[in-house]
Amino acid sequence: MSDYSEWHTGVEFDRDSRTWRGYIEDNEYTEKHLTDATFANKEDAAVAASDLLTRAREGTPPGEAKTSGLPRL
7 MSDYSEWHTG VEFDRDSRTW RGYIEDNEYT EKHLTDATFA NKEDAAVAAS
57 DLLTRAREGT PPGEAKTSGL PRL
């Protein structure tokens, strides 16, 4: 399991659906996780990617629900 300290965030645009999706990726560019949701606005996708990386660094790997603590706003 990665500690996600050497990961970054990003966004990508899907031309077919005209939506944005956030992602987190390791700095070696060998592993990438996309946000579950897509967004009409690039800014919203960037926030979702940041939240995904924060949760990963706090111990909740991408694709798993947070099981303790307060919900993220």
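This note's numbering puts the sequence shown at residues 7 to 79.
Yeah, the Cβ is synthetic: ideal placement off N, Cα and C, and Gly gets one too.
Collapsing the DSSP output to three states places Glu70 in coil. In this chain, the beta strand (DSSP E) harbouring Glu18 covers 13-20.
When the Cα atoms are used, Phe19 and Thr44 turn out to be separated by approximately 9 angstroms.
The shortest C-alpha to C-alpha distance from Gly16 to any of Ser23, Glu34, Ala52 is the one to Ala52.
By the neighbour-count criterion, in which a residue is buried when 16 or more other Cβ atoms sit within 10 angstroms of its Cβ, His14 is exposed.
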